[in-house]
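**Student:** The numbers in the numbering used here rise by one with no breaks, and the one at position 128 of the sequence shown is 148.
What follows is a structure written as structure tokens; I'll ask about it next.
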Amino acid sequence: MSRPYGLFRVGFPYVKTIGMRRVTNQSMDVAIGKDGTVYILGRAGAISRLSWEDDNLENVCGPGKDDGKFVWPVAMVIDREENLWVTDESLNRITVVNTDGEFVRKWGEPGEENGQLNGPSGIAFDSEENVYIADALNHRIQKFTNDGEFMFSWGSPGNSEGEFNMPWGITVDELGDVYVADWRNDRIQKFNARGEFISTLGRSGSSKGEFSRPAGVEVDSDGDVYVADTGNNRVQQFSAEGRYVDQFIGDATMSKQSVAYLMSNARVLRLREMTDLEPLKRLRNPRSIRFDDQGRMYIPDFGSFRVQVYKKEVIPLERGEIDVPLRAPTLLTV
Numbered sequence: 021m022s023r024p025y026g027l028f029r030v031g032f033p034y035v036k037t038i039g040m041r042r043v044t045n046q047s048m049d050v051a052i053g054k055d056g057t058v059y060i061l062g063r064a065g066a067i068s069r070l071s072w073e074d075d076n077l078e079n080v081c082g083p084g085k086d087d088g089k090f091v092w093p094v095a096m097v098i099d100r101e102e103n104l105w106v107t108d109e110s111l112n113r114i115t116v117v118n119t120d121g122e123f124v125r126k127w128g129e130p131g132e133e134n135g136q137l138n139g140p141s142g143i144a145f146d147s148e149e150n151v152y153i154a155d156a157l158n159h160r161i162q163k164f165t166n167d168g169e170f171m172f173s174w175g176s177p178g179n180s181e182g183e184f185n186m187p188w189g190i191t192v193d194e195l196g197d198v199y200v201a202d203w204r205n206d207r208i209q210k211f212n213a214r215g216e217f218i219s220t221l222g223r224s225g226s227s228k229g230e231f232s233r234p235a236g237v238e239v240d241s242d243g244d245v246y247v248a249d250t251g252n253n254r255v256q257q258f259s260a261e262g263r264y265v266d267q268f269i270g271d272a273t274m275s276k277q278s279v280a281y282l283m284s285n286a287r288v289l290r291l292r293e294m295t296d297l298e299p300l301k302r303l304r305n306p307r308s309i310r311f312d313d314q315g316r317m318y319i320p321d322f323g324s325f326r327v328q329v330y331k332k333e334v335i336p337l338e339r340g341e342i343d344v345p346l347r348a349p350t351l352l353t354v
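Structure follows, in structure tokens:
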């Protein structure tokens, strides 16, 4: 599907919160099943399984070093067959389980040679489900076949174009271009499918378009780019051309599970009644961004043990429905 010529951005309202402390602790990443089931990867090694209505459907799997378990997981993606692929920076391996938690396969070993891993973090598929891995402590990106066979890699330590300082998040858009959250360089780098540098986005700071330890990056079907600006406690949105569009700082309400818990705990309910609620809405160290096929954006709210969900409202525009780009634009509200 081709991208629209232009976009009429109507809004991006908050929808709901999923998860709570003790159920979705330290939420690192999210994957959405074809039936709408939400899989949430926790930093301690568990994958929680929740319904869209926020029902707890029990964990898929838990922590450990055995096959199908995790010690220090970072990122998770779901394939066409509904298998969950998880990077583990402690075990230096990629583990694949099905949505019932049954072990499918694993691959990877520690080291710095081709195909070896040192602190793997981000993971992404291309259109053929080849696998891109952000090999963080080797400061490079590696590409593998779906069976885990090494194809090629690019990158080296540094801050010049095509160099990395602990690459973290990674995604591949529908055109095959690769976006990397260059964590310690506080920027996003864009490459083609062969690893050739295209452009960079951002710099260190807290203003619009600046980053503090960006951990995740995602591209939606319109070509908009989203960055989990972890150190600044926000997600930033950019156009396909890299123009700053908006930011999300958090609008959370309580999840269904949280409401049920508080209604059964009189003391905690009283403490909440005495609390300044404004800070409780905000994002705390978001680590990634994911979209479902309905245009809903899921933000794992790491520091608050939950996932915040937003819904993009946009009207695609064809050539002739919107003016050509202006040299000195001024938006007037009428």
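For glycine and all other residues, C-beta sits at the position ideal for the given N, C-alpha and C.
(1) Determine the direct distance from the alpha carbon of glycine 39 to that of proline 33, and round the result to whole angstroms.
(2) How would you label lysine 317, buried or exposed, when you count the other beta carbons within 10 angstroms and need 16 or more for buried?
(3) What did DSSP end up calling arginine 100 once you bin it into helix, strand or coil?
(4) If I'm right that tyrosine 25 touches leucine 289 with Cβ under 8 Å, what's the distance once you round it to whole angstroms?
(5) When you compare each of Phe145, Val245, Ala156, Ile342 to aspartate 108 by their alpha carbons, which one comes out closest?
(6) Would glycine 189 pass as a contact of glycine 262 if the rule is Cβ separation under 7 Å?
(7) Where does glycine 31 land, buried or exposed, given buried means 16+ other C-beta within 10 angstroms?
(8) Return helix, strand or coil for asparagine 252, following the three-state DSSP convention.
(9) Using 8 Å as the threshold, is the region 37 to 52 in touch with the region 267 to 284, meaning 3 or more CB pairs across them?
(10) Indicate the three-state DSSP secondary structure (helix, strand or coil) for arginine 363 in the structure shown.
(11) Quick check: the Cα distance between asparagine 205 and arginine 287, rounded to an integer number of angstroms?
(12) Tell me, which residues are paired with cysteine 36 by DSSP?
(13) What first and last residue would you give for the alpha helix (DSSP H) that runs through methionine 283?
(14) Kindly indicate which residue of Ile52, Thr44, Asn45, Val43 has the alpha-carbon position closest to the one of glycine 315.
(15) Can you give me the Cβ contacts of arginine 302 inside the same chain, cut-off strictly under 7 Å, excluding the 5 residues immediately before and after it?
(16) Taking a contact to mean a Cβ-Cβ separation below 7 Å, would you say proline 234 touches methionine 48 in this structure?
(17) Is leucine 289 helix, strand or coil by DSSP?
(18) Am I right that proline 93 and valine 80 are in contact with their C-beta atoms under 8 Å? What's the rounded C-beta distance?
(19) Taking C-alpha atoms, which residue in Glu101, Ala95, Ala272, Leu282 lies nearest to asparagine 112?
(20) Please say whether isoleucine 60 and serine 68 have beta carbons closer to each other than 7 Å?
(21) From the DSSP output, which residues share a beta bridge with tyrosine 264?
(22) Between which two residues does the beta strand (DSSP E) containing lysine 126 stretch?
**Tutor:** The answer reads as follows:
(1) 19 Å
(2) What sits at residue 317 in the sequence shown is methionine, not lysine. Label assigned to methionine 317: buried.
(3) coil
(4) Tyrosine 25 to leucine 289, Cβ: 52 Å. No contact.
(5) Ala156
(6) no
(7) exposed
(8) helix
(9) The answer is yes - the region 267 to 284 touches the region 37 to 52, with three or more Cβ pairs under 8 Å.
(10) Nothing can be reported for residue 363, as the shown portion of the chain is limited to 21 through 354.
(11) 45 Å
(12) Inspection of the sequence shows that residue 36 is occupied by lysine rather than by cysteine. In the DSSP output, where bridge partners are listed per residue, lysine 36 has Val329.
(13) 276 to 283
(14) Ile52
(15) Around arginine 302: Asn253, Ile269, Gly270.
(16) Taking 7 Å as the Cβ cut-off, proline 234 and methionine 48 do not qualify as a contacting pair.
(17) helix
(18) Actually they are not in contact, since the Cβ atoms of proline 93 and valine 80 sit about 12 Å apart, beyond 8 Å.
(19) Ala95
(20) yes
(21) Phe258
(22) 123 to 127
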